[in-house]
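Residue numbers (the working numbering), protein chains in the order written: chain L, 4 to 167; chain H, 1221 to 1335; chain A, 1383 to 1478; chain U, 199 to 733. Worksheet: the structure to be examined is printed underneath.
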Amino acid sequence: MSDAGMSKIVKTMTGVCFPFILIFGLYIIVHGHLTPGGGFQGGAVVASACAMILIAYGSIWTMKKIKEKHLSIFESLGALMFISLAFFGIFLADGIFFDNFLVKGAFSFFGLFANTATGVADINTAGVIPLMNIAVGLKVIAGLFAIVLVMAYATHKIKEVDDQ
Amino acid sequence: MMAFQIPYLAVAGLIIIGLYAVLFKRNLIKMIIGITLIESGVNLFLITLSFREGSTAPIYTSSPGGPMSLPVPQALTLTSIVIGVAVLALMLSLVIHIFKHYKTLDVRKIREEDN
Amino acid sequence: MNWRVTAGGVFLIIVAAFLIYAALLSPTFGLKDSEGDYIERPMDQHIIDETQTQTGADNGVTAVVFDYRGFDTLGEATVLFTAVAGVIIIFRRLKK
Amino acid sequence: MFEQILTHAPALAVAIPLLGAFLTPLVSKINGKLRNVFVVIITALTSFIVALLSYNILAHESVKFAPDLVKNGIQTYIFGAGSAGDPVVRIVFEVDGVNAFMIILAAILPLAAVIYSWGFMKDETGQDKYYTLILLLTAGMLGMMMTGDLFNFFVFLEITSIASAALIAYRVNNKFSVQAAFKYIVVSTIGALFVLFAIAILYGQYDALNMAVIAKSIQYGLLDKIALILLIVALAMKAGIAPMHMWLPEAYGRAPSSVTVVIIGTTLGSFYGILRVGFTIFGEQIISESNLEVGIALGWVLVGLAILTIFIGVLMALKQNDFKKMIGFAAVAEIGYMVLAFGAALATMYQDSVTGITGISSSGLTALKGGMFHILNDALDVSLLFLVAGAVYYVSKESSLNRLGGLARNMKYTTIFFIIGLVAVSGLPPLNGFASKLMIYQSTYEINPILAIVAILCSILLLATFVKVFYAAFLGPKLPKFENVKEVPKSMLIGMLVLTCVIIFIGLFPNLVVENIVTPAVTALQNASAYIGGI
Chain L
4 MSDAGMSKIV KTMTGVCFPF ILIFGLYIIV HGHLTPGGGF QGGAVVASAC
54 AMILIAYGSI WTMKKIKEKH LSIFESLGAL MFISLAFFGI FLADGIFFDN
104 FLVKGAFSFF GLFANTATGV ADINTAGVIP LMNIAVGLKV IAGLFAIVLV
154 MAYATHKIKE VDDQ
Chain H
1221 MMAFQIPYLA VAGLIIIGLY AVLFKRNLIK MIIGITLIES GVNLFLITLS
1271 FREGSTAPIY TSSPGGPMSL PVPQALTLTS IVIGVAVLAL MLSLVIHIFK
1321 HYKTLDVRKI REEDN
Chain A
1383 MNWRVTAGGV FLIIVAAFLI YAALLSPTFG LKDSEGDYIE RPMDQHIIDE
1433 TQTQTGADNG VTAVVFDYRG FDTLGEATVL FTAVAGVIII FRRLKK
Chain U
199 MFEQILTHAP ALAVAIPLLG AFLTPLVSKI NGKLRNVFVV IITALTSFIV
249 ALLSYNILAH ESVKFAPDLV KNGIQTYIFG AGSAGDPVVR IVFEVDGVNA
299 FMIILAAILP LAAVIYSWGF MKDETGQDKY YTLILLLTAG MLGMMMTGDL
349 FNFFVFLEIT SIASAALIAY RVNNKFSVQA AFKYIVVSTI GALFVLFAIA
399 ILYGQYDALN MAVIAKSIQY GLLDKIALIL LIVALAMKAG IAPMHMWLPE
449 AYGRAPSSVT VVIIGTTLGS FYGILRVGFT IFGEQIISES NLEVGIALGW
499 VLVGLAILTI FIGVLMALKQ NDFKKMIGFA AVAEIGYMVL AFGAALATMY
549 QDSVTGITGI SSSGLTALKG GMFHILNDAL DVSLLFLVAG AVYYVSKESS
599 LNRLGGLARN MKYTTIFFII GLVAVSGLPP LNGFASKLMI YQSTYEINPI
649 LAIVAILCSI LLLATFVKVF YAAFLGPKLP KFENVKEVPK SMLIGMLVLT
699 CVIIFIGLFP NLVVENIVTP AVTALQNASA YIGGI
């Protein structure tokens, strides 16, 4: 992998594939409570799409577009969203940390749409679970991409030192 | 009885191979591969515990019915995989730094250089 | 044969014996006893039965991950957060 | 007010440092000083909640803030259950006397470390991530010490090991610290994976992850024994008991001093794990009539390991030339004293000839108390010494004892703190180390005089080592290169002062501490059935 990235063919194909992988990953995140998947799995899919771009375009180019500082802030925001959802459980009456407070009927939008059959269910069920999935998804995308980006950039610097 | 325990024997095999790599391999990257092998063994063990004969995944959306496999070990495996990724990332970054300092990944050469 | 190899070999053999023994003793694969009935798993069966009525989620594994054992998932997210912070701190610029 | 906090205290004690850790990167975008204040406030708040929780559990019934929360000396907290509860399925925090004792440590050490870091880390880069990791380490340590769920214990174990490894490698341009961090993470990952394997074995047997539920249904079959051995060996690896101690002095010595203080806490968290596994999960089986011989044999094995640990620690400390690595080996020896006490207690198990009930004899009980007390004292003493070593490094940028000297003239307060740490760690009266070591000597003397003599001899050797260090680093001729050294910044002095105050307090009133904190912990440790009944 040269630092300028790979050939033009690879770059173009990456651009074509990237949106599809992105949509697939987001689908896995959002449908985590209905179908196999969830925040971690979908996040890993999206992060691998980002890693594909990193490989195709090289770490210097990617580092110019987005810094690990920004990714780290995104990650903090995802983690904060997750822990605040857990904290909300305390503040409601008779609540407890990690209470699934949306299911209890206080908010009908994300409530318990009792669908005890084995058919197809609505997406706005399961209380805080889909929201937590989104928070964790955001966190995993930012986190994994930050790890890959920082490591790729650092190894490139080592190579530079060797060449001198 | 014995024949049905093959998945567990595979678990034991994976862990032993991984431990062998950690103890006897001189290359740091190979040691890390050994650790991930141990981890796969443990994950395989967890997921093996969740299987019920003739069962489907514990998901009700379009489920064909019938017995479902156990959900808790699958959730534990998920957690343990993510933890494995985190540990792997940190170990690889440390190895990158060791390479920066010593210009080698061979344990013996590193030890020689220290003395 | 230096002492490191010997000690490592002995350790490996002991662990291997332990593991193979444990593998043979583990619950039967497929969780069926000798008469063909399922071995009872009360905790997991409780989750399978109640996941739709208690959490509203159709996916039992997600229900465990985010509801029943949600605190584990917070820990797991924290592990990833820790790893990212660790990797960034290791590759930081050393001069201001 | 207090009652509301106390209801959620077990969760808040972990959640508040986590929240702080997630917020720290955002706060440090604003201002570096603001971040330091924020981190100190979060740590102080955590310590306050922990102290409140601990007080509410250990205090006498009549002076409790919220007596209703504590049933039978145990407060439980079921995550996400609402009012319905089903503790078997969900994650449970179960805080009994032992936990309440251990979390006192987790309240003191990070507070001292964070205040100390303010001055100590002033000129370093990457401070925002440093403070994030310290808070994560605190949360992980507290989670480890309070959880009642085996898998949750594993998760927190991993949080602490990843955060410590990253912090040990903080000085990345020093090849030895990177190497120490790599050694540490390899050892702790393998240990944690074997812990997970043992947890999976127990889950496969009993379909439960809750410690109390497993303890209730455990049958002590062959597979359970394998799980027990795996758990204890893996946790002993993480607690630094010989012969698996090699990572410990390296890691303690190469990490920045403020980090070492928190890592000491996590090491003792692993030690707590051993106690919990041995005395609660397998407790009723080990201390029972049918397994009496096995239990006594286990006790003697532990005594042997302890003597080995003490010997290795003291002898290696004698020949060390590096200030912090030497204290690291002393820390190994101190862990040996704890293991000695617990092993001796198990070795005194007997069966009452009249009632037929098995139990630990009275001298064994003293040993248990001494060992428990020593956990607290060891953490405080060794931490203080590490902070002093960090202060010496801060002014001189030297860690080799050969190149230090004459620092006492310019660093009065640091020298005083070092003398206090020296006296405490080598078990001289009147400080806290003496109180707990005396209990250990007394009880081991009743069991076997040779053990006590060995323990006392090693303690004297430790004293000799530290006196040598005192001469090398603080006394002697004033070296020209240290002509202009000044006393360390105030925040570092305050950090050391926090630990010193606690050490002197315990040294002056050992009986008060033993009666009010240690005895309830020992009672809870032996009382596995109360823990099982807490669910």
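Note that the Cβ used here is the ideal one computed from N, Cα and C, for glycine as well. Please read all numbers here as calculations on a predicted model, not as lab measurements.
Check                                                                                                                           : Outcome
Interface flag, Ala-1241 of chain H vs chain A, CB-CB below 8 Å                                                                 : no
Any chain A beta carbon closer than 8 Å to His-73 of chain L                                                                    : no
8 Å Cβ shell around Val-683 of chain U - same chain, five flanking residues per side excluded                                   : Val-593, Ser-594, Leu-605, Asn-608 and Met-609
Cβ contact check for the stretch 1409-1427 of chain A and the stretch 310-328 of chain U: 3 or more pairs under 8 Å             : no
Helix, strand or coil at Met-84 of chain L according to DSSP, with G and I counted as helix                                     : helix
Proximal residues, the stretch 1284-1297 of chain H versus chain A, C-beta separation under 9 Å                                 : Pro-1287, Met-1288, Ser-1289, Leu-1290, Pro-1291, Val-1292, Pro-1293, Gln-1294, Ala-1295 and Leu-1296
Nearest neighbour of Gly-562 of chain U, chosen from U:Gln-640, U:Glu-685, U:Leu-355 and U:Pro-441 [CA to CA]                   : U:Gln-640
Buried or exposed (CB count within 10 angstroms, at least 16 for buried), Leu-221 of chain U                                    : buried
Between the CA atoms of Ser-260 of chain U and Val-1469 of chain A - distance to the nearest angstrom                           : 50 Å
Any chain H beta carbon closer than 8 Å to Arg-1423 of chain A                                                                  : yes
Spatially closest choice to Ile-306 of chain U from U:Gly-295, U:Gly-493, U:Trp-316 and U:Thr-336, by CA coordinates            : U:Thr-336
Buried or exposed (CB count within 10 angstroms, at least 16 for buried), Pro-647 of chain U                                    : exposed
Reduced DSSP category for Ile-1421 of chain A - H, G, I as helix; E, B as strand; rest coil                                     : coil
Per DSSP, the bridge partner or partners of Thr-274 of chain U                                                                  : U:Glu-292
Assigned exposure category for Lys-72 of chain L - 16 Cβ within 10 Å defines buried                                             : exposed
Contact set between the stretch 1447-1463 of chain A and chain U, restricted to residues whose Cβ is under 8 Å from the partner : Asp-1449, Tyr-1450, Arg-1451, Gly-1452, Phe-1453, Asp-1454, Leu-1456, Gly-1457, Glu-1458, Thr-1460, Val-1461 and Phe-1463
Distance, Leu-697 of chain U Cα to Phe-668 of chain U Cα                                                                        : 20 Å
Straight-line gap, Ile-137 of chain L to Gly-40 of chain L (C-alpha atoms, nearest Å)                                           : 12 Å
Val-460 of chain U, buried or exposed, once every other Cβ within 10 Å from all chains shown has been counted against 16        : buried
Coil, strand or helix - Phe-1473 of chain A by DSSP                                                                             : coil
Chain-ordered neighbours of Asp-1426 of chain A on chain H, where CB pairs are closer than 7 Å                                  : Leu-1290, Pro-1291 and Val-1292
Alpha-carbon spacing of Ile-360 of chain U relative to Thr-1276 of chain H, whole angstroms                                     : 36 Å
Any chain H beta carbon closer than 8 Å to Ile-733 of chain U                                                                   : no
Status (buried if at least 16 other CB within 10 Å, exposed otherwise) for Ser-5 of chain L                                     : Interpretation of Ser-5 of chain L is limited by its pLDDT of 48, a score under 50 that renders its predicted location unreliable; the figure taken from the coordinates is listed afterwards. Per the 10 Å Cβ criterion, exposed.
Buried or exposed by the 16-neighbour rule on C-beta atoms within 10 Å, applied to Pro-628 of chain U                           : exposed
Within 8 Å, strictly: CB atoms of Leu-602 of chain U and Ala-515 of chain U                                                     : no
C-beta contact flag for Ile-645 of chain U and Ala-545 of chain U at 8 Å                                                        : yes
Residue range of the unbroken alpha helix (DSSP H) whose run includes Met-55 of chain L                                         : 42-60
Where the alpha helix (DSSP H) containing Met-409 of chain U begins and where it ends                                           : 409-415
Test: Gly-230 of chain U CB closer than 8 Å to a CB of chain A                                                                  : no
Residue span of the beta strand (DSSP E) that contains Tyr-548 of chain U, given as start and end                               : 547-549
Status (buried if at least 16 other CB within 10 Å, exposed otherwise) for Pro-454 of chain U                                   : buried
Endpoints, the beta strand (DSSP E) within which Thr-38 of chain L is located                                                   : Per DSSP, Thr-38 of chain L belongs to no beta strand (DSSP E) and is neither H nor E.
C-beta contact flag for Gly-402 of chain U and Val-530 of chain U at 8 Å                                                        : no
Candidates U:Leu-391, U:Val-652, U:Lys-688 and U:Ala-379: closest to Phe-351 of chain U by CA position                          : U:Leu-391
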